[in-house]
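Input: a single structure, listed below in structure tokens.
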């Protein structure tokens, strides 16, 4: 058996890990899009490093675009096999991939309008037709259910606690009369998450492919989120008569915010001001979560006993049309607007920031990770002016943050995820989905916990499990 790392290698995006058996069966774990890599992004997304038509099976850990975003491209380039995932991952992948295709097509159309005479026409990475074809190849399997994808390989999904439907993937591979167990963590969530069950521990593995996004970090306690939201909303909307604008990821973060706000409403603490979710994708993702109550933790299940919809409350409205969104900018009454994208690099939230940033009575509230170069990152860094819509804007609005909200586990969560393992029996633990300096620190921490064989694969590196040798193929 060989494992090739064709993405999320010493980086966070573009997850693609290819397992090749001796009989040339190829199993691809995730097929994610590279994001935020600057000018290199387009090139990275146009080259797999392997032949898609040679891949036999595909297994998807969850529906985030950096894990599923290149599936339509994989299919367009010749992959004809089944794509295995949990039912809620398929539901979420459907809306996220169709949204991604829309963006690809719009970007190509814009580029073609700007191209000079004689330049080649820009083609979208994939189209909505490619997405529809891809969805026809999905096969769903519930958590904790063993299934054979072929005589040589048995698979089981366990809950990874990251987003709705997210799974750790466990493979039992039979070669030469011997069984080898390989676990791919996918993205690991937090223990004590607001909404989701905690990540499950798992049976002993021989090889582990492990995410490491926050391998050097400890998150703040989740408990004060409701109190912090309440303080910020009262301070802005009641005391200053202003607006609170919250850039939030459509999947996960928006639903956590709605749940926390609903809990405040149940306690009769929520101020009587309008609340808006201005993101059609967020509305769809919220509905997917409602359709899959099996992922809820016990806390949410208790709330369901007294409230049949823990993501809706008096005064909340989901905005669909562009016209309604624009109308919010002309309404100067106090309100709370939750809108995507989370890093404020695209989406309707940029218009809301543009409309509120120049008035000190307003607050822009950050509730998640933002890369340093993004608009949200620059605001978090305390920049006094930001460039938006071709103009420099003075930052007069108050900028606040709640940094305890994260869908990725910190290093304590990641080590707890591995707590069922006997480190001496793990032949190799591969760190993926993390920045290299972070991975180096996490590798040292894992060494201290008894994992002596920890590798940090390079992009396109192959590890031969028989010879225990790594080599580069591209």
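Numbering (UniProt numbering), first residue to last: 1 to 474.
Just so it is clear, CB atoms sit at the ideal spot from N, CA and C, and this is done for glycine as well.
No experiment lies behind these values; they were computed from the predicted model shown.
Handout entry: Per DSSP, cross-strand counterpart(s) of residue 211
Key = In the chain shown, residue 211 corresponds to position 211, counting from 1. Paired residues: 432.
Problem - Top-ranked residue by Cα proximity to residue 359, from 314, 468 and 236 - result: By 1-based counting over the chain shown, the position of residue 359 is 359. With distances taken between Cα atoms, residue 359 lies closest to 236.
Handout entry: Limits of the unbroken beta strand (DSSP E) element including residue 400
Key = If you number the chain shown from 1, residue 400 lands on position 400. Its beta strand (DSSP E) spans residues 398-401.
Exercise for the section: Indicate whether the contact test is met: 3 or more Cβ pairs, each with one atom in the stretch 202-218 and one in the stretch 417-426, closer than 8 Å. Expected result: yes
Practice task
Would you check if there are 3 or more beta carbon pairs closer than 8 Å linking the stretch 286-301 to the stretch 255-275?
Solution key: yes
Exercise for the section: Entirely within the UniProt domain "Beta-Casp" (254-379) and at least 3 residues each: give me those beta strand (DSSP E) ranges in chain order. Expected result: 275-278, 316-319, 335-339 and 363-366
Exercise for the section: Could you check the C-alpha separation between residue 160 and residue 200 for me, to the nearest Å? Expected result: Looking up residue 160 in the chain shown gives position 160. Looking up residue 200 in the chain shown gives position 200. Going from the Cα of residue 160 to the Cα of residue 200 covers about 6 Å.
Problem - Start-to-end residues for the alpha helix (DSSP H) that takes in residue 103 - result: Sequence index remark: in the chain shown, residue 103 carries index 103 (1-based). 87-114 is the span of the alpha helix (DSSP H), which, as asked, contains residue 103.
Handout entry: Bridge partners - residue 170, DSSP secondary structure assignment
Key = In the chain shown, counting from the first residue as 1, residue 170 sits at position 170. BP columns for residue 170 point to 156 and 183.
Practice task
Would you tell me roughly how many angstroms separate the C-alpha atoms of residue 268 and residue 403, rounded to the nearest one?
Solution key: Looking up residue 268 in the chain shown gives position 268. Looking up residue 403 in the chain shown gives position 403. Their backbone Cα atoms lie some 25 Å apart in a straight line.
Exercise for the section: Can you check the stretch 449-474 for any beta strand (DSSP E) of at least 3 residues that lies completely inside it and give the ranges in chain order? Expected result: 461-464 and 469-472
Handout entry: Three or more C-beta pairs below 8 Å linking the stretch 13-28 and the stretch 47-56
Key = yes
Exercise for the section: Measure from the alpha carbon of residue 312 to the alpha carbon of each residue in 259, 60 and 295, then state which is nearest. Expected result: In the chain shown, counting from the first residue as 1, residue 312 sits at position 312. Of 259, 60 and 295, the residue nearest in Cα terms is 259.
Problem - First through last residue of the beta strand (DSSP E) which encompasses residue 392 - result: What you label residue 392 is simply residue 392 of the chain shown in a count that begins at 1. Its beta strand (DSSP E) spans residues 391-394.
Exercise for the section: Using only alpha-carbon positions, find the residue among 433, 280 and 262 that is nearest to residue 307. Expected result: On the chain shown, position 307 is the one that residue 307 refers to. Closest by alpha carbon: 262.
Exercise for the section: Might you give, ordered along the chain, the residues of its own chain that have their beta carbon closer than 8 Å to the beta carbon of residue 150, omitting 5 neighbours on each side? Expected result: For this step, residue 150 is matched to residue 150 along the chain shown. Counting only Cβ-Cβ distances below 8 Å, and skipping sequence neighbours, we find 25, 56 and 57.
Practice task
Report yes or no: do three or more beta-carbon pairs, one from the stretch 427-435 and one from the stretch 226-241, lie closer than 8 Å?
Solution key: no
Exercise for the section: Under the assumption that residue 128 contacts residue 98 (Cβ atoms under 8 Å), give the Cβ distance between them as a whole number of angstroms. Expected result: Your numbering for residue 128 matches position 128 in the chain shown. Your numbering for residue 98 matches position 98 in the chain shown. Yes, they are in contact, since the Cβ atoms of residue 128 and residue 98 sit about 6 Å apart, within 8 Å.
Problem - Buried or exposed by the 16-neighbour rule on C-beta atoms within 10 Å, applied to residue 142 - result: Numbered from 1 along the chain shown, position 142 holds the residue referred to as residue 142. Answer is exposed; the Cβ neighbour count stays below 16.
Handout entry: Buried/exposed call for residue 473, threshold 16 Cβ in 10 Å
Key = Counting from one through the chain shown, the residue named residue 473 turns up at place 473. Classification of residue 473: exposed, given that the 10 Å Cβ count is below 16.
Exercise for the section: Determine, using beta carbons only, whether residue 458 and residue 9 come nearer to each other than 8 Å. Expected result: In the chain shown, the residue the question calls residue 458 occupies position 458. In the chain shown, the residue the question calls residue 9 occupies position 9. Yes. Within cutoff.
Exercise for the section: Would you list the one or two residues that DSSP bridges to residue 83? Expected result: Translated into the one-based positions of the chain shown, residue 83 becomes position 83. DSSP, once it has assigned bridges, lists 58 and 138 as partnering residue 83.
Problem - Beta-carbon proximity of residue 131 to residue 29, cut-off 8 Å - result: Within the chain shown, numbered from 1, the residue matching residue 131 stands at position 131. Within the chain shown, numbered from 1, the residue matching residue 29 stands at position 29. No; because the gap between Cβ atoms is not below 8 Å, this pair is not in contact.
Practice task
Spell out the partners DSSP gives residue 19 in its beta bridges.
Solution key: Within the chain shown, numbered from 1, the residue matching residue 19 stands at position 19. Partner(s): 3 and 27.
Practice task
Could you check if residue 304 is buried or exposed, using at least 16 other CB atoms within 10 Å of its CB as the buried criterion?
Solution key: To locate residue 304, count along the chain shown from 1; it is residue 304. By the neighbour-count rule (16 or more Cβ atoms within 10 Å), residue 304 is not buried but exposed.
Exercise for the section: Taking residue 92 and residue 164 to be in contact with their CB atoms under 8 Å, please state how far apart those CB atoms are, rounded to whole angstroms. Expected result: Along the chain shown, read from residue 1 onward, the residue named residue 92 stands at position 92. Along the chain shown, read from residue 1 onward, the residue named residue 164 stands at position 164. At roughly 6 Å, the Cβ-Cβ gap stays under 8 Å, so residue 92 and residue 164 are in contact.
Practice task
Look at the alpha carbon of residue 380 and the alpha carbon of residue 327, and state the distance between them as a whole number of angstroms.
Solution key: For this step, residue 380 is matched to residue 380 along the chain shown. For this step, residue 327 is matched to residue 327 along the chain shown. Distance between the alpha carbons of residue 380 and residue 327 is about 27 Å.
Practice task
Report yes if the C-beta distance between residue 273 and residue 335 is below 8 Å; otherwise report no.
Solution key: The residue given as residue 273 occupies position 273 in the chain shown. The residue given as residue 335 occupies position 335 in the chain shown. Against a cut-off of 8 Å, the Cβ pair of residue 335 and residue 273 comes out as a contact.
Problem - Alpha-carbon to alpha-carbon, residue 144 and residue 154 - result: Here residue 154 refers to the residue found at position 154 when the chain shown is read from its first residue. Here residue 144 refers to the residue found at position 144 when the chain shown is read from its first residue. Rounded to the nearest angstrom, the two C-alpha atoms are 12 Å apart.
Practice task
Give a yes or no on contact between the stretch 390-398 and the stretch 349-366, applying the rule of three or more CB pairs nearer than 8 Å.
Solution key: yes
Problem - Coarse secondary structure for residue 52, derived from DSSP in three states - result: As a first step, residue 52 must be located in the chain shown, where it is residue number 52. Here residue 52 sits in helix by DSSP.
Problem - Contact under 8 Å by Cβ, residue 67 with residue 460 - result: One-based indexing of the chain shown puts residue 67 at position 67. One-based indexing of the chain shown puts residue 460 at position 460. Not closer than 8 Å, so no.
Exercise for the section: Give the DSSP-derived three-state secondary structure of residue 202 in the structure shown. Expected result: Mapped onto the chain shown, residue 202 falls at position 202. Residue state, collapsed to three classes: coil.
Handout entry: Spatially closest choice to residue 364 from 371, 343 and 321, by CA coordinates
Key = On the chain shown, position 364 is the one that residue 364 refers to. Selected option, being the one with the closest Cα: 343.
Exercise for the section: Check the DSSP bridge columns for residue 243 and list the partner residues they point to. Expected result: The residue given as residue 243 occupies position 243 in the chain shown. The partner list for residue 243 (beta bridge, DSSP) reads 335.
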